[in-house]
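Here the numbering used here is used: position 49 in the sequence shown is 82, and no number is missing along the way. All C-beta atoms in this analysis are idealised placements derived from N, C-alpha and C, irrespective of residue type, glycine included. Treat the numbers as computed from the prediction; the structure is a model and nothing was measured. Report on the structure given below.
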Amino acid sequence: MARYDDAVALLAELRGACDHVGRGLQFRRRVAALREQYRHLPGLLRRLDDRALRG
């Protein structure tokens, strides 16, 4: 699904920005919360895993 791909690409960019400004921990916590909230969407979770976006 293209929307998942777009969302995950944006999250990957945000991860870099958050790390750059010292907010990596907050970002990882938010990703963990998103993964929990959308745990019933395996396609999204797979894409997050592919980009190493874990909490």
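C-alpha gap between residue i and residue j, whole angstroms
| i | j | result |
| --- | --- | --- |
| His53 | Leu47 | 10 Å |
| His73 | Leu67 | 11 Å |
Residue i vs residue j beta-carbon contact at 7 Å
| i | j | result |
| --- | --- | --- |
| Gly76 | Tyr37 | yes |
| Leu44 | Leu86 | yes |
Assigned exposure category for residue i - 16 Cβ within 10 Å defines buried
| i | result |
| --- | --- |
| Leu58 | exposed |
| Leu80 | Checking the sequence shown, residue 80 turns out to be Arg, not Leu. With 16 or more Cβ atoms within 10 Å of its Cβ, Arg80 is classed as buried. |
Three-state secondary structure assigned by DSSP to residue i
| i | result |
| --- | --- |
| His73 | coil |
| Arg61 | helix |
| Ala85 | coil |
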